[in-house]
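A.B. asks:
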Amino acid sequence: MKLELMPMFWLAFTLLAYVFSRWIYRRTGRYLLSPLILVPALLLALAVPLHTAYAEYSSDTHWLMWILGPVTVAFAVPIWQQRQMLMRYWSALLLGMLAGSAASIGTSFGLAKALALDSSVTLSLVPRSITTPFAMPLAHELGGVPELTAVFVMFTGVFGAMLGSILLKWLPLRSALARGALFGVGAHGAGVSRAHEVGGEEGSVAGLVMVLTGLLNLFCAPLLAAVL
Amino acid sequence: MHASTLKKLARLVIELAVLLGIYLLGCAIATWFAWPIPGGVIGMALLLLAFAVGWVKPATLQTGAGLLMAEMLLFFIPALMSLLDYGGLMRDDGWRILLVIGMSTLMVMLVTAFTVEAVVRLRRPHEA
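Chains as they are written, first to last, in the working numbering: chain A, 1 to 228; chain B, 1001 to 1128.
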């Protein structure tokens, strides 16, 4: 009867939930049913009543996270394909990424301190604005909890994609570069898909900026570790 | 049609294997030189170098790389399930955490967008 004792049960259920969520999202297009929200919701809906511990869940599935390594390698393709845009607008993009990252790290850290959050939670919040393959190693470097950072990165993506669309209606942004960077720095992967819906140029900028911001933050890790 | 599907699949598997190989090479280099840089980042640098030198064309790896990036969510779902161990944290501090994420995300978006917009307008006021 104990279904969850079956070997690879959680792996099978995770894959099933993922495929199902993608199918549902393609059919309905409803944001609340997007895989980023629906997959964790489905998994938690089963795991919480079964009193499954994270260790138990991850014993089947942790190797999936290892694939984030090859994903990082794959990021070389969009960087290379957008190199002309990068060379043309490097100053605007670099300044945007630096200012945005400083805002992200400063406000995450400052607000978490002001609200008296635990120090491991605070440090896990610091990398929350960058894409997961970079955010998890950065959290590790800073002394945060990489898994907790992945959760905060997800919240950021879910909220940021919605907020970004609202902001675009209100802000007087004339350049596609600024619209794309807003999504790429502010809402990583979820923002990049939203930026593609706004326009092709916005999408490319967001994708490029997402990867470069991740790199930039990761390379600042020793500096951040010393300051925070 | 069947043969062409099989051929496409084989091609995809090879592309994924190449990306995996570059990743493992990156990890080996990181371990060898005891660099604190993740193997994936070194692998990315190697691949960029290969593009720049002309050893590999980006189009050669586009399908595999595209698949990995498009399905990225699947690969970090296991980390999200750490929520199973943080039920207490979320009940006690959840609203404060969400407040930090919400406020901070708003700030990041405003600062980034206005910085980029300002630089673009300064550089080419007629075009922006």
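A virtual CB, placed ideally from N, CA and C, is assigned to each residue, including glycine.
Measuring CB to CB, does I79/A end up less than 9 Å from L1049/B?
C.D. replies: Here residue 79/A refers to the residue found at position 79 of the first sequence. Here residue 1049/B refers to the residue found at position 49 of the second sequence. In this structure, L1049/B does not lie closer than 9 Å to I79/A by Cβ.
A.B. asks: May I ask you to report which of helix, strand or coil DSSP gives W1055/B?
C.D. replies: Taking the first residue of the second sequence as position 1, residue 1055/B is located at position 55. W1055/B falls in the coil class under three-state DSSP.
A.B. asks: Report the three-state DSSP secondary structure of G1086/B (helix, strand or coil).
C.D. replies: Working through the second sequence from its first residue, we reach residue 1086/B at position 86. Before going further, note that residue 1086/B is Tyr rather than Gly in the sequence given. It is coil, neither helix nor strand.
A.B. asks: Quick check for students: name the residue ranges of the alpha helix (DSSP H) that lie wholly in the stretch 159-217 of chain A, counting only runs of 4 or more.
C.D. replies: Counting whole runs of 4 or more residues, the stretch 159-217 of chain A contains the alpha helix (DSSP H) stretches 176-198.
A.B. asks: Can the beta-carbon of L1012/B be found closer than 9 Å to that of T1060/B?
C.D. replies: Working through the second sequence from its first residue, we reach residue 1012/B at position 12. Working through the second sequence from its first residue, we reach residue 1060/B at position 60. Contact flag unset, no.
A.B. asks: Output the distance between the C-alpha atoms of R1124/B and G207/A, rounded to the nearest integer angstrom.
C.D. replies: Stepping through the second sequence from its first residue, residue 1124/B is reached at position 124. Stepping through the first sequence from its first residue, residue 207/A is reached at position 207. Cα-Cα distance, rounded: 24 Å.
A.B. asks: With 8 Å as the limit, tell me which residues of the stretch 1009-1026 of chain B have their beta carbon closer than that to any beta carbon of chain A; keep them in chain order.
C.D. replies: Result list: L1016, L1019, L1020, I1022, Y1023, G1026.
A.B. asks: With a threshold of 9 Å between beta carbons, is R179/A in contact with chain B?
C.D. replies: Locating residue 179/A in the first sequence gives position 179, where the first residue counts as 1. It does; some Cβ of chain B falls within 9 Å.
A.B. asks: Run down chain B in chain order and give the residues with a C-beta less than 7 Å from the C-beta of P133/A.
C.D. replies: By one-based count along the first sequence, residue 133/A stands at place 133. The answer, in chain order, is G1040.
A.B. asks: I'd like to know if V1111/B contacts chain A, where contact means its C-beta is closer than 9 Å to some C-beta of that chain.
C.D. replies: Locating residue 1111/B in the second sequence gives position 111, counting from the first residue. By this cut-off, V1111/B is an interface position.
A.B. asks: Could you spell out where the alpha helix (DSSP H) holding C220/A opens and where it closes?
C.D. replies: For this step, residue 220/A is matched to residue 220 along the first sequence. Run containing C220/A: none; DSSP gives neither H nor E here.
A.B. asks: Quick one: using the 10 Å Cβ neighbour count with 16 as the cut-off for buried, is Q219/A buried or exposed?
C.D. replies: Against the first sequence, residue 219/A aligns to sequence position 219. For the record, residue 219/A in the displayed sequence is Phe; it is not Gln. Burial call: exposed.
A.B. asks: Using Cβ-Cβ distances below 7 Å, what residues of the stretch 104-133 of chain A are close to chain B?
C.D. replies: The residues in question are S104, T107, S108, L111, A112, L115, L117, V121, L125, R128, S129, T132, P133.
A.B. asks: Give a yes or no on whether the minimum CB-CB distance between A1003/B and chain A is below 9 Å.
C.D. replies: Here residue 1003/B corresponds to residue number 3 of the second sequence, with the count starting at 1. No - not a single Cβ of chain A is within 9 Å of the one on A1003/B.
A.B. asks: Report the neighbours of R1123/B on chain A: residues whose CB is nearer than 9 Å to its CB, in chain order.
C.D. replies: Along the second sequence, read from residue 1 onward, the residue named residue 1123/B stands at position 123. Ordered by position in chain A, the residues that pass the 9 Å Cβ test against R1123/B are Y89, S91, A92.
A.B. asks: Could you tell me which of M1069/B, L1009/B, L1080/B, T1031/B sits nearest to V39/A, measuring between CA atoms?
C.D. replies: In the first sequence, residue 39/A corresponds to position 39, counting from 1. When only C-alpha atoms are compared, the closest one is L1080/B.
A.B. asks: Would you be able to state if there are at least three C-beta pairs under 8 Å between the stretch 185-193 of chain A and the stretch 147-162 of chain A?
C.D. replies: Touching, yes, given that three or more Cβ pairs across the two stretches are closer than 8 Å.
A.B. asks: Within the stretch 74-138 of chain A, note down every full beta strand (DSSP E) run reaching 3 residues or more, in order along the chain.
C.D. replies: With a minimum length of 3 residues, no continuous beta strand (DSSP E) run stays inside the stretch 74-138 of chain A.
A.B. asks: Starting from the N-terminal side, write out each stretch of the alpha helix (DSSP H) that is 4 residues or longer and does not extend beyond the stretch 1012-1057 of chain B.
C.D. replies: Here the runs fully enclosed are 1039-1053.
A.B. asks: Would you please verify whether the beta carbon of G1102/B is less than 9 Å from any beta carbon of chain A?
C.D. replies: Counting from one through the second sequence, the residue named residue 1102/B turns up at place 102. Yes - at least one Cβ of chain A is within 9 Å of the one on G1102/B.
A.B. asks: Where do the N-terminal and C-terminal ends of the alpha helix (DSSP H) with L46/A fall, by residue?
C.D. replies: Taking the first residue of the first sequence as 1, we reach residue 46/A at position 46. Unbroken alpha helix (DSSP H) run through L46/A: 35-47.
A.B. asks: For L44/A, which of Y57/A, L32/A, T156/A, G29/A has the nearest alpha-carbon?
C.D. replies: Taking the first residue of the first sequence as position 1, residue 44/A is located at position 44. L44/A has its Cα closest to that of Y57/A, out of Y57/A, L32/A, T156/A, G29/A.
A.B. asks: Please classify T72/A: is it buried, with 16 or more other beta-carbons within 10 angstroms of its beta-carbon, or exposed?
C.D. replies: Here residue 72/A refers to the residue found at position 72 of the first sequence. Buried, because 16 or more other Cβ atoms sit within 10 Å of the Cβ of T72/A.
A.B. asks: Looking at the C-beta of H196/A, does it have a partner C-beta in chain D at a distance below 9 Å?
C.D. replies: Within the model displayed, chain D is absent; protein chains A and B are what it includes.
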